[in-house]
Amino acid sequence: MKQLTAILEGIGSTLQLLARSAAHVGTLPRQRARFIEQCYLIGYTTLPIVAILSFFIGSVLALQAGYSMQNFGAKQFIGSLVGLSLARELGPVMVAILVAGRVGSAIAAELASMKVYQEVDALETMNIPPARILVLPRLAAILFMMPVLAIIADLVGWFGGALVSNYVNFIGIDSEAYFAALRRYMHFKDVMNGLIKAEIFGFVVVLVCCNIGLNTRGGPREIGASVTRAVVTSLILILVLDYFVTKALL
Amino acid sequence: MNNAQQTARVGLFFLLGLALTWVTWETLSGGKLFREKGYNLIAGFDSIKEVKTGDEVRMAGVKIGSVETTRLAHGRAEAVLRIDTGIVVKSDATATIAMAGLIGTNYISIDLGSANAPALADNAEIRTRVTPDINTIMAELGNLGQKLEGALGSFGAAMNGDGKPGGGLFQKLDRLVTDNSEKINTTLTNLQEVSAKLNRGEGTLGKLINDPSLHDQLLATVGDIRTAASDAKTFMANASSIVDQVKSGKGPLGTLVYDDKAAADLKSTVANLKSVSDKLASGQGTLGKLINDDTMYNSAQATLKKADRALDGLGDSGPITAVGIVANSLF
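Chains as they are written, first to last, in the working numbering: chain L, 991 to 1240; chain S, 191 to 521.
Given below as structure tokens:
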């Protein structure tokens, strides 16, 4: 019961935070510097790890697909399999998990520290809503950066799969055939589905991490607990939402 | 890092994302980044099956363009084909939906058309032909399988005689073999003996099989027969030529057979001969009398005897009196 109450409380406080942030959307142009800073932290600095991870995920996907498909002569469809898997599922989920681990944890830790060390209280005392300067720029930044990260993840993953398909002996599918198969069985709506999913996942991750960070109570020990809770909650939400969003977009 | 640098990097990053999204959209929506040069043709089908935007258009197997879009128009499915610049599609060329693989990979195939036909212009409609797709083929195969199964069932029933009095073919064969096993054994034994004799070279057939000289003679005989046949052929050809000549009325025989005047002459000659022979038989005329009257023979014989005597006398007298002696003897 206590757990259920905590979950419902978490949902409620998150929605309240969203509402408070949305109420300050009009102030976003004046917070351009904060918005750019958050874009840099969330998007630009996350790019290398997203690129490395998606490249190897695409490669492994091609490797596994080639190994499985060679038994029934369907290797020429590796391109479409890797393309669709990355665009519709693996790309957005992987980027969301990376954002949760790298960005979400940082947000939770920063806001939890500000809360514990009463910086948030100071802002409120100065009649500066924390939702306006701490949450809104992050939410706006993730909305702008998440599709960029997702599309880069898709393309880098596709190229990783193409390289493996071309240079691994037992697969031996050249890049032209790989991308021809990818183009033949893929539509842009598949990519768009992935981008929409990434957008939703990123937004939820940042919102949840902000909420958990701002609701931290106690001392420095609670900062770590908040970070852990924020990341775990984000991961669970990503996977749960993944099912429903995928079903809705099919 | 100052704010300007940070802003520039974020802006660059965002633009990169936009550019990649656009590239992906262009690639997956049309298979090309920019609209290719060329011209459009409209191909109407009852169903375009698995053809979709970006699929290849091939002429005689060579890629000459791609499917620009597919749509429903004029109560049918239409594929707009983007044909590359420089490729001429003749007005009597036919477009069909061809399968590149068994799992739904299709393309539009256009044949070459005739050399003299005019070229199709931009947005012209190309002739189309319906080809069976894999589903139709599989359905036909299914029907064929059912028919084959029925035929095999009937054949099996006929062989096994399901429910028929006296059984089927197999039962009849079984009874035949069982009832006549002794005769079959005897026949087989005889056949074995015959084959053994043949193998040993006994009998005419055995010698023919085993004796090389007989074989050579047989070959020579066959050669002679062949020569004779050739001669007969030549003879028949000659005879045929003669018959042709006769039919055409050439030569004496042809004239005789086909010339009415000659036939009339011959008839007249035969009639004359008959008249002469009749006269001869009846003893008319000199020759008839000669043949039928003995007095002529006797007179001639007496004359000859006289001549003989005269010649004997001539041997004893000189040549000067010879004429007189002969004359006296004769008269």
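Using N, Cα and C, we set each Cβ at its ideal position, and we do this for glycine too. None of these values were measured; they are calculated from a predicted model.
Asked, Found
"For R525(S), the three-state DSSP class (helix, strand or coil)", "Outside the displayed span of chain S (191 to 521) sits residue 525(S), for which this structure offers no information."
"Neighbour list for C1029(L) in chain S, Cβ cutoff strictly below 8 Å", "V200, F203, F204"
"Beta-ladder partner(s) of G1056(L), from DSSP", "Paired residues: none, contrary to the question."
"CB contact flag (G357(S), G351(S), <7 Å)", "yes"
"Extent of the continuous beta strand (DSSP E) to which I254(S) belongs", "252–263"
"Near the ligand NAP: T445(S) beta-carbon under 6 Å from a heavy atom", "Of ligands this structure carries none, so the ligand NAP is not represented either."
"Inter-stretch contact at 8 Å, needing at least 3 Cβ pairs: the region 1213–1220 of chain L / the region 1159–1179 of chain L", "no"
"Buried versus exposed, by CB contacts within 10 Å (16 or more), R261(S)", "exposed"
"Uninterrupted alpha helix (DSSP H) stretches inside the region 343–390 of chain S (no shorter than 4 residues)", "359–369, 371–390"
"As assigned by DSSP and simplified to three states, the class of G234(S)", "strand"
"is_contact[L1088(L), chain S] using C-beta, thresh 7 Å", "no"
"Pair within 7 Å by beta-carbon distance, A1076(L) and G1147(L)", "Here residue 1076(L) is Leu; the residue named in the question, Ala, does not match the sequence. Against a cut-off of 7 Å, the Cβ pair of G1147(L) and L1076(L) comes out as a contact."
"Proximity below 7 Å, CB of A283(S) to CB of I298(S)", "no"
"Minimum Cβ-Cβ distance from T260(S) to chain L less than 7 Å", "no"
"Exposure label - Q407(S); buried when at least 16 CB within 10 Å", "exposed"
"G1056(L) at chain S interface by Cβ criterion, 7 Å", "no"
"Boundaries of the alpha helix (DSSP H) in which A1171(L) is found, first to last residue", "1165–1175"
"CA nearest to the CA of G1081(L), picked from L1153(L), K1187(L), R1211(L), T1223(L)", "K1187(L)"
"CB contact check: Y1157(L) to chain S, cutoff 7 Å", "no"
"Minimum C-alpha distance to H264(S) - residue among A500(S), A427(S), A233(S), G444(S)", "A233(S)"
"Below-7 Å beta-carbon distance, M1176(L) vs any chain S residue", "yes"
"Enclosing beta strand (DSSP E) for M249(S) [first to last residue]", "246–249"
"D1144(L) versus L271(S), K496(S), T211(S), L494(S), residue with shortest Cα-Cα distance", "T211(S)"
"Cβ neighbour criterion (16 or more within 10 Å) applied to K1065(L)", "buried"
"Three-state secondary structure assigned by DSSP to T243(S)", "coil"
"Simplified DSSP state of V279(S), which is helix, strand or coil", "coil"
"Interface flag, S219(S) vs chain L, CB-CB below 7 Å", "yes"
"Beta carbon of T243(S) nearer than 7 Å to that of T217(S)", "no"
"DSSP-derived helix/strand/coil call for V270(S)", "strand"
"Residues of the region 1120–1138 of chain L with Cβ closer than 8 Å to any Cβ of chain S, in chain order", "F1134, M1135, P1137, V1138"
"Within chain S, the residues that Y1034(L) reaches when beta carbons sit closer than 8 Å", "R199, V200, F203"
"L409(S) beta carbon less than 7 Å from that of I399(S)", "no"
"Every unbroken alpha helix (DSSP H) within the region 1173–1240 of chain L, with a cutoff of 4 residues, ordered by chain", "1178–1204, 1210–1239"
"CA-to-CA distance, L1053(L) to L1101(L), given in whole angstroms", "42 Å"
"Chain L contact residues for G244(S), given Cβ-Cβ distances below 7 Å", "R1173"
"Enclosing alpha helix (DSSP H) for S438(S) [first to last residue]", "Note, S438(S): premise wrong, no alpha helix (DSSP H); not H, not E."
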